[in-house]
Amino acid sequence: MGMSMGGAPTWQQQQLQMGGGGGGGGGSGGQGDSDKGASRNRGSRGGRNKRPADMPPQGAPQPPHHHHQAPVEAAAAPVPPLAGQTGAFPAAGASGGAKPKPFNQTALQHQSTTRFGDLEVHANTKRAIAEVFGYEFCTKVQAQSLPFCLSGNDVLAKAKTGTGKTLAFMIPAIENLVRTPPRAGQVGVLVLSPTRELAMQIHAETEKLLRFHHMSVQVVIGGTNINAEAKRMHGRAPHVLVATPGRCLDHLTNNSTGLGPMMQDMRMLIMDEADNILDMGFRPTIDKILRLLPDKAARQTLLFSATFPANVKDLAKYAFKPTYKTVDTVGEESNTNVQVEQLSCVVPHSEVMMYLSAVMKTHMQQDPDFKVIVFFPTARMTQLYSEVFISMGLPVLEIHSRKSQAVRTRMSDQFRAGSGLLMFSSDVSARGVDYPDVSLVVQVGLPSERDQYVHRVGRTARAGKTGQSLLLLTEFEAFFINKLKGLPVRNLGALPTAMIQGEAAGIQQALRKVSADTKGKAYAAWLGFYKSAPGLNMSTSQLVETANEFSRIIGCKEPPELEAKTVGKMGLKGVAGLRIAGKGAGGQRPQSGAPGGGGGGGYGGGGGGGEG
17 MGMSMGGAPT
27 WQQQQLQMGG
37 GGGGGGGSGG
47 QGDSDKGASR
57 NRGSRGGRNK
67 RPADMPPQGA
77 PQPPHHHHQA
87 PVEAAAAPVP
97 PLAGQTGAFP
107 AAGASGGAKP
117 KPFNQTALQH
127 QSTTRFGDLE
137 VHANTKRAIA
147 EVFGYEFCTK
157 VQAQSLPFCL
167 SGNDVLAKAK
177 TGTGKTLAFM
187 IPAIENLVRT
197 PPRAGQVGVL
207 VLSPTRELAM
217 QIHAETEKLL
227 RFHHMSVQVV
237 IGGTNINAEA
247 KRMHGRAPHV
257 LVATPGRCLD
267 HLTNNSTGLG
277 PMMQDMRMLI
287 MDEADNILDM
297 GFRPTIDKIL
307 RLLPDKAARQ
317 TLLFSATFPA
327 NVKDLAKYAF
337 KPTYKTVDTV
347 GEESNTNVQV
357 EQLSCVVPHS
367 EVMMYLSAVM
377 KTHMQQDPDF
387 KVIVFFPTAR
397 MTQLYSEVFI
407 SMGLPVLEIH
417 SRKSQAVRTR
427 MSDQFRAGSG
437 LLMFSSDVSA
447 RGVDYPDVSL
457 VVQVGLPSER
467 DQYVHRVGRT
477 ARAGKTGQSL
487 LLLTEFEAFF
497 INKLKGLPVR
507 NLGALPTAMI
517 QGEAAGIQQA
527 LRKVSADTKG
537 KAYAAWLGFY
547 KSAPGLNMST
557 SQLVETANEF
567 SRIIGCKEPP
577 ELEAKTVGKM
587 GLKGVAGLRI
597 AGKGAGGQRP
607 QSGAPGGGGG
617 GGYGGGGGGG
627 EG
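Okay, here's the thing in structure tokens:
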């Protein structure tokens, strides 16, 4: 049994201080990473190296996750290597030697033979690259894209995260400012980023690049005080402004903040992670921003994107001059495919958590410096799994769009600098942010498309290293594997039954401690996500039956209630089995025992009674 310890805060207490648990209202489905309205949080900064010194090792007794809960039992006994799975989840790239250093410009996978010193750019830029960054050679992405971007062309560039693309667009931006400085009080370059984390990362890189120039950069993002941002901009107009789309539009359309008049002399517009900007539903916002900026004939526009879907190409045609150039530095993702051992597994719906737990514990034992990213379809699913696995004593960092910006920044910084950590994330909040030395990427549930799967896999095997990935699907999601033809994905196969069942008791106990509110929001998000999931061969009745099975799996006695408005937006009005707030199940309560037999006993429970 665990016990509270005096002195420094425990791991779980640290999570609570950082804003553990989800905030804000419920959401029904997709979890767009809105850059507006996140609450501010000035909690203490988490540790930046290894796990916090006061964090118990795996298997040690753990304190309760919430103050009113019963103490948490010790973590499960050590898990043996996966039986029958030769080489399954060894430490990625393990050789018994020292842990590889984080990504740098000299990594052979990315390095080109082009020297920064040979570029026709300002001496102060070269000095910053040499003295502040410590780089001599361009990456391949930089070597391929810089000639086009420095020539003044509009450029659509295909480039992956972690390949040096920030310098690939910021070096031309600064050169543009040097050659034709904006008038006093004017912003010369606008950079749009899909997420706050990426915006701050771009801001930090740009500050370093401007070290020896008499220029400034500022960042405006949701979740911060808009009036303070406006005051800062008017105090000294930045040469470079980095922004998330929603906050940028707020400033452009709000007369009291007055950004609009400061953009009349803008020379360059850059959109980073353009595919993700559009995936998050920002196209209407981008269109409004473009109408408020100087005409495309008077500016240079750069779009960087990891993929080239049709909507990115459409945006390019709208935002670019007709003579724009296309640069593809990625090709067919062959490098990532070769360097990452890609595994997939289809498991029963009721065993997903148990399977994930077994895989996590096995990997943690095999690689002492483990660093794992686990992706979930929605923010609320991320929250649910995080609460369960933290309660079980695993070192989970929870990062998703329902967290405040301050918490997300701390979690991101801690994961980037540390090891011995698991990051549970919604896809949105991890986009565009580069984390070194990731040993394993796990995708739980259905990716939205093949490109998203590949992009997530690419978060391991950075800088010429090897890595591993696992795609964990249920039976009704198995169709997605057919979309991965041509990729070296192999079936991991079933884990021993005893190993899976050995996880049931701990998960069942942890689920009892998860609030009804968290479970209800996860249920609503599950319905919303799978209702709109492409390729899912389910009728609305089957969808609701499967959602209700999910609710029993996570320990609900009956399906959580949904607001009538939410059900209407999902297109599920009148479907039997849903419980409408104030109305029960549309006049009927859901029939017990379907699907899955006997009402489903949750993890490790017998059918018929459901979980308490």
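Note that the working numbering numbers the sequence shown so that position 423 is 439, with each residue one more than the last. Glycine included, C-beta positions come from ideal geometry on N, C-alpha and C.
Residues in the same chain with beta-carbon distance under 6 Å from Leu268, minus the five sequence neighbours each way, listed in chain order, please.
In the sequence shown, residue 268 corresponds to position 252, counting from 1. Excluding positions up to five away in sequence, the list reads Leu275, Gly276 and Leu308.
What does the Cβ neighbour count give for His250, buried or exposed, with the cut at 16 atoms within 10 Å?
Locating residue 250 in the sequence shown gives position 234, where the first residue counts as 1. Its Cβ having fewer than 16 others within 10 Å, His250 is exposed.
How far does the beta strand (DSSP E) with Gln358 in it extend, from its first residue to its last?
As a first step, residue 358 must be located in the sequence shown, where it is residue number 342. Per DSSP, Gln358 belongs to the beta strand (DSSP E) from Val356 to Val363.
Give the secondary structure of Glu367 by DSSP, where H, G and I count as helix, E and B as strand, and everything else as coil.
Taking the first residue of the sequence shown as position 1, residue 367 is located at position 351. Helix.
What ranges does the alpha helix (DSSP H) occupy inside the stretch 178-252, keeping only unbroken runs of at least 4 residues that lie completely in it?
Runs of the alpha helix (DSSP H) inside the stretch 178-252: 181-195, 212-225 and 242-251.
Pairs of beta-carbons, one from the stretch 278-292 and one from the stretch 206-217, closer than 8 Å: are there three or more?
Yes, they touch.
Roughly how many whole angstroms lie between the Cα atoms of Thr562 and Asp533?
Counted from its first residue, the sequence shown places residue 562 at position 546. Counted from its first residue, the sequence shown places residue 533 at position 517. Each residue's alpha carbon lies about 20 Å from the other.
Use the C-beta contact count for Asn507: other C-beta atoms within 10 angstroms, 16 or more gives buried, fewer gives exposed.
As a working note, residue 507 is residue 491 in the sequence shown. It is exposed - the Cβ of Asn507 has fewer than 16 other Cβ atoms within 10 Å.
For Gly150, count neighbouring Cβ atoms within 10 angstroms of its own Cβ and tell me buried if that reaches 16, exposed if not.
Looking up residue 150 in the sequence shown gives position 134. Gly150 should be labelled exposed.
Could you work out which residue in Leu372, Ala494, Ala597 and Lys142 is closest to Arg227 when comparing CA atoms only?
Reading the sequence shown from its first residue, position 211 is the one you call residue 227. Comparing Cα positions, the closest option is Lys142.
For Leu183 and Thr476, I'd like the C-alpha separation in whole angstroms.
Residue 183 sits at position 167 when you count from the first residue of the sequence shown. Residue 476 sits at position 460 when you count from the first residue of the sequence shown. Approximately 21 Å, taken between the alpha carbons.
Does the contact criterion of 3 or more C-beta pairs under 8 Å hold for the stretch 448-466 versus the stretch 483-499?
Yes, since at least three Cβ pairs between the stretch 448-466 and the stretch 483-499 fall closer than 8 Å, the two stretches touch.
Between the stretch 129-138 and the stretch 322-330, do at least 3 Cβ pairs fall closer than 8 Å?
No: fewer than three Cβ pairs fall under 8 Å.
Considering only the beta carbon of each residue, do His255 and Leu318 sit closer than 8 Å?
As a working mapping, residue 255 is identified with position 239 in the sequence shown. As a working mapping, residue 318 is identified with position 302 in the sequence shown. Going by C-beta atoms, His255 is not nearer than 8 Å to Leu318.
Considering only the beta carbon of each residue, do Arg263 and Gly238 sit closer than 8 Å?
Residue 263 sits at position 247 when you count from the first residue of the sequence shown. Residue 238 sits at position 222 when you count from the first residue of the sequence shown. Yes, they are a contact pair.
Can you name the start and end residues of the beta strand (DSSP E) that Ala173 belongs to?
As a first step, residue 173 is located in the sequence shown; it is residue number 157 there, counting from the start. It spans Val171 to Lys174 - the beta strand (DSSP E) in which Ala173 sits, taken as one unbroken run.
Once DSSP output is grouped into helix, strand and coil, what is the label at Asp450?
Along the sequence shown, one-based indexing puts residue 450 at 434. The answer is coil: DSSP assigns Asp450 none of H, G, I, E or B.
Hey, out of Leu594, Val375, Phe495 and Lys535, whose CA is closest to Ala510's CA?
Here residue 510 corresponds to residue number 494 of the sequence shown, with the count starting at 1. Selected option, being the one with the closest Cα: Val375.
Hey, how far is the Cα of Met369 from the Cα of Arg418?
As a position in the sequence shown, residue 369 is number 353, starting the count at 1. As a position in the sequence shown, residue 418 is number 402, starting the count at 1. Each residue's alpha carbon lies about 22 Å from the other.
What residues match up with Asn507 in a beta bridge as DSSP calls it?
Taking the sequence shown and counting its residues from 1, one reaches residue 507 at position 491. Ser360, per the DSSP bridge assignment.
Is Phe440 helix, strand or coil when you go by DSSP?
Taking the first residue of the sequence shown as 1, we reach residue 440 at position 424. In this structure, Phe440 counts as strand in the three-state DSSP scheme.
Taking DSSP as the reference, what is the three-state secondary structure of Gly409?
As a working mapping, residue 409 is identified with position 393 in the sequence shown. Note: Gly409 maps to coil in three-state DSSP.
Provide the residue span of the alpha helix (DSSP H) that contains Arg424, from first to last.
Numbered from its first residue, the sequence shown carries residue 424 at position 408. Looking at the DSSP string, the run of the alpha helix (DSSP H) that includes Arg424 is Gln421 to Ala433.
Starting from Leu695, follow its DSSP beta bridges and name the residues at the other end.
Since the displayed the chain opens at 17 and closes at 628, residue 695 lies outside it and no answer follows.
From Gln127, Leu294 and Lys312, pick the residue whose C-alpha is nearest to that of Tyr340; which is it?
Counting from one through the sequence shown, the residue named residue 340 turns up at place 324. Looking at the Cα atoms, Lys312 is the closest of the given residues.
For Glu491, tell me which candidate among Glu367, Val591 and Ala521 has the shortest Cα-Cα distance.
As a working mapping, residue 491 is identified with position 475 in the sequence shown. Comparing Cα positions, the closest option is Glu367.
Taking 8 Å as the cut-off, decide whether the C-beta atoms of Asp344 and Lys174 are in contact.
As a position in the sequence shown, residue 344 is number 328, starting the count at 1. As a position in the sequence shown, residue 174 is number 158, starting the count at 1. In contact: Asp344 and Lys174 (Cβ atoms closer than 8 Å).
So, for Ile305: in the same chain, excluding its five sequence neighbours on each side, which residues have a beta-carbon less than 8 Å away from its beta-carbon?
Residue mapping note: residue 305 aligns to position 289 of the sequence shown, counting from 1. Here the set comprises Leu208, Pro261, Cys264, Leu265 and Leu268.
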